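Report on the following structure.
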Amino acid sequence: LTDVVVMAPEGRVFVTGPDIVRSVTGEDVDMASLGGPDTHHKKSGVCHIVADDELDAYERGRRLVGLFGQQGHFDRNKAEAGDTDLHALLPDSARRAYDVHPLLDALLDSDTPFEEFQAKWAPSMVVGLGRLSGRTVGVLANNPLRLGGCLNSESAEKAARFVRLCDAFGIPLIVVVELNATKVFAWPDAEVAVMGAKAAVGILHKKKLAATPEDEREALHEELAAEHERIAGGVDSAIEIGVVDEKIDPAHTRSKLTQALAEAPARRGRHKNIPL
910 LTDVVVMAPE
920 GRVFVTGPDI
930 VRSVTGEDVD
940 MASLGGPDTH
950 HKKSGVCHIV
960 ADDELDAYER
970 GRRLVGLFGQ
980 QGHFDRNKAE
990 AGDTDLHALL
1000 PDSARRAYDV
1010 HPLLDALLDS
1020 DTPFEEFQAK
1030 WAPSMVVGLG
1040 RLSGRTVGVL
1050 ANNPLRLGGC
1060 LNSESAEKAA
1070 RFVRLCDAFG
1080 IPLIVVVELN
1090 ATKVFAWPDA
1100 EVAVMGAKAA
1110 VGILHKKKLA
1120 ATPEDEREAL
1130 HEELAAEHER
1140 IAGGVDSAIE
1150 IGVVDEKIDP
1160 AHTRSKLTQA
1170 LAEAPARRGR
1180 HKNIPL
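Those letters in the sequence shown? Residues 910 to 1185, by the numbering used here.
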């Protein structure tokens, strides 16, 4: 029933203690296993942040109060000063998994730590608060290093809860994931498609490929994939059909996000942050 739960290592959260659990189920369980931070940070998702100790818990709490209560304003000069080539943080191949955390750290202001929520629960989805050009923002990103960044029931619940939290407090939300948004930016080499060109060609031209001699099949597959990419793939095609609003240089990502968010109306949602 709270917006954010911060637990120290000695913290415990449960409705009924070990004695009642033992009398009802016959299971012998201690307080740490029943309601400690490890349980609620990894398994239940009740705990948003686990502090190193009690003093760190107070410090994290103060930091969160600052992010929620003193949200600040976008400073475009700070945005341009912090611009860096984020594309260098991605692997060369789209098939390689990567950790999204370094990308988020480079995207956000370096003088304010990124406060990630529920880091060990549903880790394929990363959510948290930070600052972009001096303004508090929420970040929601899938992490390809975990489950390939795919959504499951827990990560969907985690994302939905965080979106509602940001809306209730009027916090702008940056989504670094393949989802619909009010304004969609794409880097030049982004893949905007249901599947890659090679996979699509394997389905669309299945009979043609099957009828081709085996020693020529791979070359034909590559040729068809290149043609499919030219006609249906790429960011330019996505812009033409309205899926992407603008192609941007990765080095200008911070300033582009700052400009877009600064131009959007700043207001809170009409609902409260109900338990979701």
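In this text, a Cβ means the ideal position worked out from N, Cα and C, and glycines have one as well.
Please read all numbers here as calculations on a predicted model, not as lab measurements.
DSSP, reduced to helix, strand and coil, places Asn-986 within a helical segment of the structure shown.
Of the candidates Ala-1135, Val-1110, Thr-1045, Thr-1045 places its Cα closest to the Cα of Ala-1175.
Between Val-913 and Leu-976, the C-beta gap is not smaller than 7 angstroms, which leaves the two residues out of contact. One thing to note: Ala-917 has its Cβ within 7 angstroms of the Cβ of Glu-963. At a Cβ-Cβ threshold of 7 angstroms, Lys-987 and Gly-1043 count as neighbours. Distance from the CA atom of Thr-911 to the CA atom of Ser-953, rounded to whole angstroms, is 15 angstroms. Under the three-state reduction of DSSP, Ala-1175 is assigned to coil, being neither helix nor strand. Each residue's CA atom was taken as its position, placing Ala-1065 and Ala-1134 some 33 angstroms apart. Every unbroken stretch of the alpha helix (DSSP H) spanning 4 or more residues and falling wholly within the segment 996-1029 is given here in chain order: 1010-1016. The three-state reading of DSSP puts Gly-1058 in helix, counting H, G and I together.
DSSP places Ile-1083 within a strand segment (E or B) once states are collapsed to three.
The shortest CA-to-CA distance from Asp-947 to any of Ala-1077, Glu-919, Gly-1143, Leu-1016 is the one to Glu-919. Going by DSSP, Gly-970 is part of the alpha helix (DSSP H) stretching over 963-978.
Counting along the chain, no beta strand (DSSP E) covers Met-1104, and no H or E run does either. One Cα belongs to Val-1086, the other to Ala-1050, and the distance between them is close to 5 angstroms.
No Cβ-Cβ contact shorter than 7 angstroms links Leu-1013 with Leu-998. Contact annotation: Phe-1026 and His-1137 have beta-carbon atoms that are not nearer than 7 angstroms. Counting along the chain, the unbroken alpha helix (DSSP H) around Arg-931 starts and ends at 927-934. DSSP lists Glu-1025, Val-1048 as the beta-bridge partner residues of Gly-1037.
Here DSSP, grouped into helix, strand and coil, assigns Glu-1155 to strand.
Between Asp-992 and His-1161 a beta carbon distance of about 6 angstroms is seen, short of the 8 angstroms cut, so the two are scored as contacting.
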